[in-house]
Structure formats: structure tokens, C-alpha cells
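Numbering (this note's numbering), first residue to last: 5 to 177. Note that beta-carbon positions come from the ideal geometry of N, C-alpha and C, so glycine has one too. Notes follow once the structure below has been shown.
Pasting the structure below:
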């Protein structure tokens, strides 16, 4: 089972557009995926679910994570790293069963010119601690506002080439 995680809880984010793009493209390649948008985390998530008092809403999300064998994380840049909500989400999941010895693919995006290189590396460190095996090919997509068309699709030749290559490798990974 593959789950795509849109790594922010920002409404109407470019991160979600990229996650949906990957989901659509993977479906065209014959893969069924689940999409987890972190804006769908329960409102009282930090006060309740983070330290073990599971809400029914988070329990459904946690079941999805536990069943997942491969994750595709779309990670936006927040202040030179990745969003705190993504780290808090990881912290709320049970260890080790949520991520241990599973596989992950990482895509960094940013409105700046480096495609969240630093944030993806920071997140890679968390993955290593969790024994979440990260596929070596990580993408960094800069200036995301110029990369997506009005329908949320990539259209630049290089971006199409590299996202397609990453998806093909992820399918085999």
C-alpha cells in the first residue's frame, strides 16, 4: 500500500497540488494510492493525539499509516526546513510500527530557488532514526508557483522528465 503525504496543513497549498499530481500520475502507471493531507488532522491533534490519547479521527489516520508499506512525502520549505506539523504528525504515530523498515520517497518544493534541499535533508535525518528507508533519488522543485499550470499539472519538460523518472524508480523500489 502506498500513501502520499501532503506535508503541510496550509489550506489550498501547492504541496497538495503536487501530491494530487503524483497520485494521478501513479494511477496512470497502474498504482492505487491513498492521499493524506495534513490539513485533515483533527483540530485537537496536538492536545489529544500527540501523547497517546487517540481520538477516533486520528485512529483512522494511524491505521492508514500502519498499513502503508511505501510513503511518498511532498515536503514544502518552511523557514529553511520542513513544516512543524509534519514533525508533530510523525511524533504522534506509534514507534516502531508506523514507519520501521518501510520505504519512502521524498519530494521537496519551495517558492525559492533551492527546492527545499535543506528541509528534505532534515527530514531524511528523521527517516534514518525511524529506520524508514529513503529512496536515493530525491527531487527538489524550486519556484513551485511557476511549475504548475492552472490545473495543478507540471508542464516544464525537465520537471516532467524528472518526476516521471522518480515515479518509475519508486514503483520498482
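Environment of residue 108 [buried if 16+ CB atoms lie within 10 Å]: Its Cβ being crowded by 16 or more others within 10 Å, residue 108 is buried.
Uninterrupted beta strand (DSSP E) stretches inside the region 99 to 150 (no shorter than 3 residues): 107 to 113 and 143 to 145
Helix, strand or coil for residue 90? Go by DSSP, reduced to three states. helix
Evaluate the contact criterion for the region 56 to 63 versus the region 29 to 36: three or more CB pairs, one atom per stretch, below 8 Å. Taking a cut-off of 8 Å on C-beta distances, the region 56 to 63 does not touch the region 29 to 36, as fewer than three cross pairs fall below it.
Any idea which residues DSSP pairs residue 74 with across the strands? Bridge partners of residue 74: 6 and 107.
What distance in whole Å lies between the Cβ atoms of residue 92 and residue 50, which are believed to be in contact at a cut-off of 8 Å? 6 Å
Verify whether the separation of the beta carbon atoms of residue 158 and residue 143 is less than 8 Å. Cβ atoms of residue 158 and residue 143: not closer than 8 Å.
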